[in-house]
Amino acid sequence: MGDRFEDLRTFVAVADAGGITSAAKALDVAKSAVSRRVSELEQRLGVKLVERTTRSFALTAAGRRYHVEAHDLLESLARLDATAGDVAPNERVRRLSLVAVQEAGPARVGAAVARFLDKHPGSPVDLTLLPQGASNPAAGDADVVIGGPGGKAPRSARRIAGTAMTVTASRGYLARSGRPKVPGDVAAHLGIISTMRSGVPAWMFRDGVTVVPQAALTTSDDAAALAAALAGAGLVCLPTDAVAGEIAAGRLEALFEDGMGEPPRLWLSNEGGTASATLADSLAASLTGTS
Numbered sequence: 000m001g002d003r004f005e006d007l008r009t010f011v012a013v014a015d016a017g018g019i020t021s022a023a024k025a026l027d028v029a030k031s032a033v034s035r036r037v038s039e040l041e042q043r044l045g046v047k048l049v050e051r052t053t054r055s056f057a058l059t060a061a062g063r064r065y066h067v068e069a070h071d072l073l074e075s076l077a078r079l080d081a082t083a084g085d086v087a088p089n090e091r092v093r094r095l096s097l098v099a100v101q102e103a104g105p106a107r108v109g110a111a112v113a114r115f116l117d118k119h120p121g122s123p124v125d126l127t128l129l130p131q132g133a134s135n136p137a138a139g140d141a142d143v144v145i146g147g148p149g150g151k152a153p154r155s156a157r158r159i160a161g162t163a164m165t166v167t168a169s170r171g172y173l174a175r176s177g178r179p180k181v182p183g184d185v186a187a188h189l190g191i192i193s194t195m196r197s198g199v200p201a202w203m204f205r206d207g208v209t210v211v212p213q214a215a216l217t218t219s220d221d222a223a224a225l226a227a228a229l230a231g232a233g234l235v236c237l238p239t240d241a242v243a244g245e246i247a248a249g250r251l252e253a254l255f256e257d258g259m260g261e262p263p264r265l266w267l268s269n270e271g272g273t274a275s276a277t278l279a280d281s282l283a284a285s286l287t288g289t290s
């Protein structure tokens with residue numbers, strides 16, 4: 000039984016590390032010992048779990064299924080051990096990792112995670128929002144990944160919409176400068192440009208129309224852009240959920256409510272076990288409005 004446990008532990012380490020050499024370093028054992036255990040496991044199961052050459056490594060379909068089940072089994076054993084020791088169970092809970100692009104909308108993703116935590120308080124989440132200009136994440140960078148336009152989505156990924164955008168301005172600015180009636184009018188107005196989602200200053204409206212305002216301020220921070228808009232510095236284009244409260248309170252006015260472009264198409268991928276699949280399902284429901 001002990002050998003079978005080590006076989007599982009070794010195989011999971013190999014799958015998680017993406018290769019024999021990296022797994023051997025992580026386990027602090029000889030590379031040959033890791034390779035032998037994987038081979039013996041394949042022989043015992045009668046199925047090939049990995050495809051490996053001197054230059055490449057990949058799990059087979061059977062290997063991917065076995066990895067998920069083995070990972071969950073090891074987690075179950077760890078939880079069982081925790082209940083018998085002096086360590087409190089909540090100190091051994093596995094944290095779920097989530098990586099998301101800015102196009103998903105920080106406030107929107109945060110709210111979606113909060114809804115998940117409300118239903119699953121024993122499954123803490125570590126959320127990483129990638130900065131503007133960062134490389135698109137790949138499936139496997141975290142338990143759950145939300146990738147943006149241009150990224151290579153895995154076949155199993157689900158499609159979700161990015162955050163909707165709204166152009167707003169303070170009543171004071173509109174009183175001084177007039178209210179733009181059509182998207183083309185934006186070009187004659189002062190604008191506050193946030194580069195958190197894109198380094199491109201143009202704002203996209205319906206039918207692919209893009210307009211560049213006269214940039215009074217360019218910032219890499221949405222909060223700074225919002226503060227400047229509230230102070231009357233110009234028009235601003237920000238995620239709808241980031242300005243909804245200010246619009247409801249009457250501090251900002253929404254413009255072109257029916258004329259904004261479609262949100263970017265994003266993808267959501269789950270590469271972990273049962274717990275991360277639950278997180279992925281919850282996020283997909285929240286971010287597609289089906290929760």
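Quick note on numbering that gives the first Met the number 0: the sequence shown kicks off at 0 and runs consecutively.
Backbone N, C-alpha and C fix where the C-beta goes; we use that ideal spot for every residue, glycine too.
Computed from a predicted structure; not experimentally measured.
CA-CA distance, residue 172 and residue 99?
Cα to Cα, the separation comes out at about 34 Å.
Counting Cβ pairs, one atom from each stretch, are 3 or more of them under 8 Å apart for the segment 49-63 and the segment 93-111?
Too few Cβ pairs lie closer than 8 Å, so no.
For residue 278 and residue 142, which I take to be in contact (beta-carbon distance under 8 Å), what is that distance rounded to the nearest angstrom?
With 8 Å as the limit, residue 278 and residue 142 qualify as a contact, their Cβ atoms being about 7 Å apart.
Looking at the unbroken alpha helix (DSSP H) that takes in residue 274, where does it start and where does it end?
Unbroken alpha helix (DSSP H) run through residue 274: 273-286.
Is the beta carbon of residue 49 sitting closer than 7 Å to the one on residue 40?
Not closer than 7 Å, so no.
Check for me: the alpha helix (DSSP H) holding residue 232 runs from which residue to which?
Note, residue 232: premise wrong, no alpha helix (DSSP H); not H, not E.
May I ask whether a heavy atom of the ligand SAM can be found less than 6 Å away from the beta carbon of residue 182?
Absent from the structure shown: the ligand SAM. Ligands present: none.
Round the Cβ separation of residue 73 and residue 11 to the nearest angstrom and send it over; I've been treating them as touching at under 8 Å.
That pair is a contact at about 6 Å.
Are the beta-carbon atoms of residue 193 and residue 228 separated by less than 7 Å?
For residue 193 and residue 228, no; Cβs fall outside 7 Å.
What are the residues that DSSP puts in a beta bridge with residue 39?
Per DSSP, none; premise fails for residue 39.
Taking Cβ positions, are residue 165 and residue 253 nearer each other than 7 Å?
Against a cut-off of 7 Å, the Cβ pair of residue 253 and residue 165 comes out as a contact.
In this structure, how does DSSP classify residue 137 when only helix, strand and coil are distinguished?
Residue 137: coil per DSSP, three-state reduction.
At what residues does the beta strand (DSSP E) containing residue 124 begin and finish?
Segment 124-128, the beta strand (DSSP E) holding residue 124.
How is residue 183 classed by DSSP in three states: helix, strand or coil?
Three-state result, residue 183: helix.
Please confirm whether residue 52 and residue 33 have their CB atoms less than 7 Å apart.
In this structure, residue 33 does not lie closer than 7 Å to residue 52 by Cβ.
Can you look up residue 193 in the DSSP assignment and give me helix, strand or coil?
Three-state DSSP puts residue 193 in a strand.
Is the CB-CB distance between residue 210 and residue 185 below 7 Å?
Against a cut-off of 7 Å, the Cβ pair of residue 185 and residue 210 comes out as a contact.
In the DSSP assignment, what are the bridge partners of residue 265?
For residue 265, which the question treats as bridged, DSSP gives the partners 159.
Check the DSSP bridge columns for residue 238 and list the partner residues they point to.
According to DSSP, residue 238 bridges with 164.
Specify, as a first and last residue, the run of the alpha helix (DSSP H) that residue 51 falls within.
Careful: residue 51 lies outside any alpha helix (DSSP H), inside the beta strand (DSSP E) at 49-51.
On the DSSP bridge list, what partners appear for residue 100?
In DSSP, residue 100 forms no bridge with anything.
Can you tell which of 45, 125, 20, 113 has its C-alpha closest to the C-alpha of residue 54?
The residue with the shortest Cα to Cα distance from residue 54 is 20.
When DSSP labels each residue in this structure, what does residue 254 get in the three-state scheme?
Three-state result, residue 254: strand.
If you draw a straight line from the C-alpha of residue 269 to the C-alpha of residue 36, how long is it?
Between residue 269 and residue 36, the C-alpha separation is close to 27 Å.
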